[in-house]
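Reviewing the structure listed below.
Residue numbers (the working numbering), protein chains in the order written: chain A, 1 to 336; chain B, 337 to 821.
Structural data, given as structure tokens:
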């Protein structure tokens, strides 16, 4: 065990899984990571250096730069998966998911079902999501909410280096198509990560803080904000269960329901825009299945229903923050 | 904190209930009782219903056999948490004093909580930890560490807080985890907040707050016993009742929630009664005239007639109906109906005789009472009452008429006022014949007296006309020879 960044944990996982299984291949724009840069082919390893070093170890046949065509990347990956490979495709920004959406939701997600269970599509689409880098409206979004809406597709939203490595290993070793959402703002975050390969199962949430007063469910980077708020409020005797579902599909609703049964209050923090979001989905699950345990209205902390602003001041106003979460927690406790 | 002891006493299921039978014990000593379990079947002279447990625990003592009757408030059984000692239960039983005249919230009795149940306890308050299995936190923690299956972190926390043996739990939760539900199944009781929180809808809670009603002893009518707004809406602000003999400490107030009604569809007869009575009270301004009749001679005449009739009998009521017919003939101004543009005068007395039925009442009409003998009236009333009870009345048996006799004397009612049966214009309410002080030949003596109250439709019968009728009636009843002529 050693402390690693979220980025290094993912990079390590890719290398270990490629080592472990020859059928694992990596493809995407600039995944080899050198074109045009000083120092030759693997100097950079993609725009965020996630695939650095892979080409050197595994060569041209297993680490492939592709044309700038998301549809071609995902289509090639889906075909390779049907043919027995375990491709890990990269879509540089999740904002580009629309370009390959047909390959994802009409093809990859449907094969197993439409071919009577005989077809397997063990593919992973790694992508980056999330705001906070002044990357503007087309390079800052999260879209796990609408990806979660697609049956046959799994979706992971890791919040820690440990989960990033373990969930990616599960995704690569699994038999279903997975969209693996890496938060840009978390790449440099640090955490304990075992050196050896391991898996974290899909659909098993993580209770990151324990408390009695309020349940906070957060997704991706929002988990770190929720933890921060829980730690701050614990100082004044308000304690929170913080749940990181880790994957939005499948979703560990049991953990959320059990926690709400014990606390009676729920705050959901979601970087998605608020309509038809994971926040509204979880609110629906809890209000329909644990209504009698609620002591206060469910609070949702989300951005407004607008595109993401470019100006940093507006972008940070747009995003959920620790202050907004704290306010929501206090509001659910009003009149207690 | 020591465990909780809950007495199971004979509940008061109705205002008149003083005692009840136990037809069956459904649980035996040692059994784990969950909230809502039917511990016993109860029966009163009016109804039978199960005794539902208001809380969870172990049935520790059954103190009375099936049968009875046992008075309201008598201790029947004792339920307690598993860690309560036998000695504590014995002293609880010997110290127990019945809670007198405590009306129970329908349909089931609210056992006296040994510790006050409140709203969901905020975290700043100590969480009651029943520790039914007597395991301490470290022991449960060790069990969890040694589990071959995973356990949900929430279930693990609750198990440690409440000392639940996790090794007995199956693992049917997500990804083969032991869920909180699995843990509850193994413990045989609700755990965590579920066990201590009030199940009330937000609207009910708000209403309760507004009304200052304590919901903790309510039984909700909603799903899973959820207390709904409707349960609170008509709840009286409960007066604290003294509770004595609790071994748990100081006397605690018992608060009683709103009765939860049993809903049944309205029968056609009931609808018709409701419609007609509302019509009557809404359109006919009632005036009430009262008079007392000395029934000495009436009873003598009846006795004489019945002796001669052999196996046939006429009743006081038959004579009353006959007397009303003759009085209406004497005072035709009272033998009328009011319509919007006409007053209808009748030259014969068609009189309704009210018959009580299990689900209502009906007043079939004897036609031309003034022209019929008491015996004929008696036989017709019997036939009509039989048809009424058997459901064989035809429309012409109940339509029209000008007058009705309603007699509650056989129920011991002294006097009462009746609602006019439209389109008629008057009704006579007859009380019981009873010995009362009376002026008998100028001396104060006891005499069989009968109170009559006549309700008149003032649109058509003024007080003076009603008074004339009652005077004629009194004359006929006190000098009853004409009634049997």
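Ideal Cβ positions, reconstructed from N, Cα and C, are used throughout, including at glycine.
Note that the structure is a prediction, hence the values are computed from the model and not measured.
Backbone secondary structure at residue i - three-state DSSP
| i | result |
| --- | --- |
| residue 378(B) | strand |
| residue 28(A) | strand |
| residue 198(A) | coil |
| residue 681(B) | strand |
| residue 582(B) | Residue placement at residue 582(B) is poorly supported in this model, since its pLDDT is 42, which falls under 50; the coordinates still yield a value, given next. Three-state DSSP puts residue 582(B) in coil, outside helix and strand. |
| residue 805(B) | helix |
| residue 138(A) | coil |
| residue 635(B) | helix |
| residue 554(B) | coil |
| residue 147(A) | helix |
| residue 166(A) | helix |
| residue 366(B) | coil |
| residue 692(B) | strand |
| residue 118(A) | coil |
| residue 65(A) | strand |
| residue 451(B) | Reliability fails at residue 451(B), whose pLDDT of 32 lies under 50, so the model's placement of it is uncertain and the value that follows must be treated cautiously. Looking at residue 451(B) - three-state DSSP - the assignment turns out to be coil, as it is neither helix nor strand. |
| residue 299(A) | strand |
| residue 496(B) | helix |
| residue 16(A) | helix |
| residue 770(B) | strand |
| residue 360(B) | strand |
| residue 591(B) | coil |
| residue 280(A) | helix |
CB-CB length for residue i against residue j, believed under 8 Å
| i | j | result |
| --- | --- | --- |
| residue 738(B) | residue 686(B) | 6 Å |
| residue 565(B) | residue 551(B) | Their Cβ separation, rounded to whole angstroms, is 11 Å, which puts residue 565(B) and residue 551(B) out of contact at 8 Å. |
| residue 104(A) | residue 153(A) | 7 Å |
| residue 675(B) | residue 784(B) | Wrong, their Cβ atoms sit about 40 Å apart, outside the cutoff. |
| residue 217(A) | residue 245(A) | 7 Å |
| residue 268(A) | residue 298(A) | 7 Å |
| residue 177(A) | residue 128(A) | So it is not a contact: roughly 18 Å between Cβ atoms. |
| residue 400(B) | residue 341(B) | Actually they do not touch by this definition, with Cβ atoms about 18 Å apart. |
For residue i, the nearest candidate out of the options (CA to CA)
| i | options | result |
| --- | --- | --- |
| residue 10(A) | 56(A), 194(A) and 325(A) | 194(A) |
| residue 93(A) | 69(A), 77(A) and 81(A) | 69(A) |
| residue 768(B) | 428(B), 760(B) and 744(B) | 744(B) |
| residue 804(B) | 735(B), 668(B), 529(B) and 612(B) | 668(B) |
| residue 147(A) | 321(A), 247(A) and 313(A) | 247(A) |
| residue 139(A) | 107(A), 97(A), 172(A) and 267(A) | 97(A) |
| residue 188(A) | 203(A), 322(A) and 221(A) | 221(A) |
| residue 368(B) | 355(B), 357(B), 392(B) and 386(B) | 392(B) |
| residue 736(B) | 719(B), 672(B) and 563(B) | 672(B) |
| residue 820(B) | 639(B), 734(B) and 537(B) | 639(B) |
| residue 658(B) | 562(B), 753(B), 740(B) and 411(B) | 740(B) |
| residue 707(B) | 666(B), 720(B) and 721(B) | 666(B) |
Beta-bridge pairing of residue i - partner residues as DSSP gives them
| i | result |
| --- | --- |
| residue 355(B) | 407(B) |
| residue 387(B) | 376(B) |
| residue 129(A) | 183(A) |
| residue 345(B) | 411(B) |
| residue 247(A) | 156(A) |
| residue 214(A) | 240(A) |
| residue 673(B) | 680(B) |
| residue 776(B) | 779(B) |
| residue 490(B) | Residue 490(B) is not bridged to any residue. |
Cut-off 6 Å between Cβ atoms - residues of its own chain near residue i, not counting five sequence neighbours on either side
| i | result |
| --- | --- |
| residue 359(B) | 377 and 379 |
| residue 145(A) | 272, 277 and 278 |
| residue 158(A) | 164 and 167 |
| residue 698(B) | 691 and 724 |
| residue 395(B) | 363, 365, 367, 369 and 415 |
| residue 254(A) | none |
Neighbourhood of residue i by C-beta distance below 8 Å, restricted to the same chain and skipping five residues each side
| i | result |
| --- | --- |
| residue 817(B) | 637 |
| residue 500(B) | 468, 469, 471, 476, 494, 519, 522, 523 and 527 |
| residue 397(B) | 365, 413, 414, 425 and 429 |
| residue 613(B) | 755 |
Contacting residues, own chain, Cβ-Cβ under 7 Å from residue i (five flanking each side not counted)
| i | result |
| --- | --- |
| residue 230(A) | 209, 211, 216, 240 and 242 |
| residue 183(A) | 129, 130, 220 and 221 |
| residue 309(A) | 315 and 318 |
| residue 649(B) | 642 |
| residue 753(B) | 624, 765, 789 and 791 |
Closer than 7 Å: residue i CB and nearest the ligand FAD heavy atom
| i | result |
| --- | --- |
| residue 208(A) | With respect to the ligand FAD, the structure shown offers nothing to examine, as it has no ligands at all. |
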